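With the sequence shown counted from 1, adding 5 to any position gets you this note's numbering.
Glycine included, C-beta positions come from ideal geometry on N, C-alpha and C.
For clarity, every value in this text was computed on a predicted model and none was experimentally measured.
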Amino acid sequence: MTFDIFRVDWILIDSIIILILIIILCSVKIYKIKHRWRNSIVNDSISKINLDPHDIEFDNNKFYVKKWNLFFNPNLLELRPHMPTIFMFSSKSLHYLPYAILEGLCSYGFTVNHMLIKRRWDLFKKQEEILDPKNQSILRLTFNYLKSDYPKKISQRFWIIDFKSFLSYKELKNFANDKIGLILINPSIEQLKFNSLNFEKEIKFDLIFSKKSFLWFRNRKISKSMVNFSQLSSENVKITVFENTNMYFKNYETILLAKLIMIIKNNIK
């Protein structure tokens, strides 16, 4: 049986090839938007302490800490004793955005406690359970643990930087005092549903959003936050929007880092 080249449906074959090429080009474009050129800390002056997540016992197993590290620069630790400790929480790697930010913060002189928090798969059906205040003792447990084991590296004054983790900030009303500040970076919609809380005047609260969410889609959380926080004082709540970037802040890490340092420095008494 001979192969008749003239009977081949070349239009169909060309269409398949073009479709494959389009998929490859789109995949490369998405990869370039999301990923960074390095995924580790390269500053040799930054020390890292690997902490055991099992040392923190939760009331239940609805979420867990996957990674827990303490980063600091020993050369600057004694020179800047007034610097607050940074508690950084994230639920995703965001393709190593938190690592890029914490490296810059440590290089500036901050001590950073970073926790990568994951939730169990069964929680995807009932996300409201994650926000149950009785399950949100992680902040108090973490601070007490570090203060007892690393008292010379942890300041009594601290700030929280959250990269869309699953923590509820209802507990902060009871835990917060004049030693705490809070920065949310592209928080989840559920985290924005606490406009009824009456925050104390001492609590500094900042929201940072990217203009776009994923790829070129607009970030719906911006309008949601404007509605939820419209009744709160502008002195306590400030909203910043980065115009030309998406949720990964690629190529805007330095600007984001400068914004974070400026917020914290302006509120150091």
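Buried or exposed by the 16-neighbour rule on C-beta atoms within 10 Å, applied to residue i
i	result
D57	exposed
H119	buried
S20	exposed
N271	exposed
M88	buried
I260	exposed
S32	exposed
K226	buried
V232	exposed
I273	exposed
Y253	buried
Residue closest to residue i, alpha-carbon to alpha-carbon, out of the options
i	options	result
K229	L265, N191 and T250	N191
N78	I244, D49, Q161 and W221	D49
Run of the alpha helix (DSSP H) containing residue i, from where it starts to where it stops
i	result
D14	D14 -> no alpha helix (DSSP H), and no H or E assigned at all.
K264	E258 to N271
L81	P79 to L82
Own chain residues within Cβ distance below 6 angstroms of residue i, not counting five before or after
i	result
L189	D167 and L212
Helix, strand or coil at residue i according to DSSP, with G and I counted as helix
i	result
G114	coil
D49	coil
T250	coil
H119	strand
I185	strand
I159	coil
L56	coil
N- and C-terminal bounds of the beta strand (DSSP E) containing residue i
i	result
K243	V242 to F247
W221	Per DSSP, W221 belongs to no beta strand (DSSP E) and is neither H nor E.
I166	F163 to F168
K95	Looking at the sequence itself, residue 95 is Ser, so the reference to Lys does not match. Run containing S95: T90 to S95, per the beta strand (DSSP E) assignment.
Spatial neighbours of residue i in its chain, beta-carbon cut-off 7 angstroms, leaving aside the 5 residues before and after
i	result
F129	Caution is warranted here: a pLDDT of 43 is assigned to F129, below 50, making its placement in the model unreliable, and no coordinate value can be reported.
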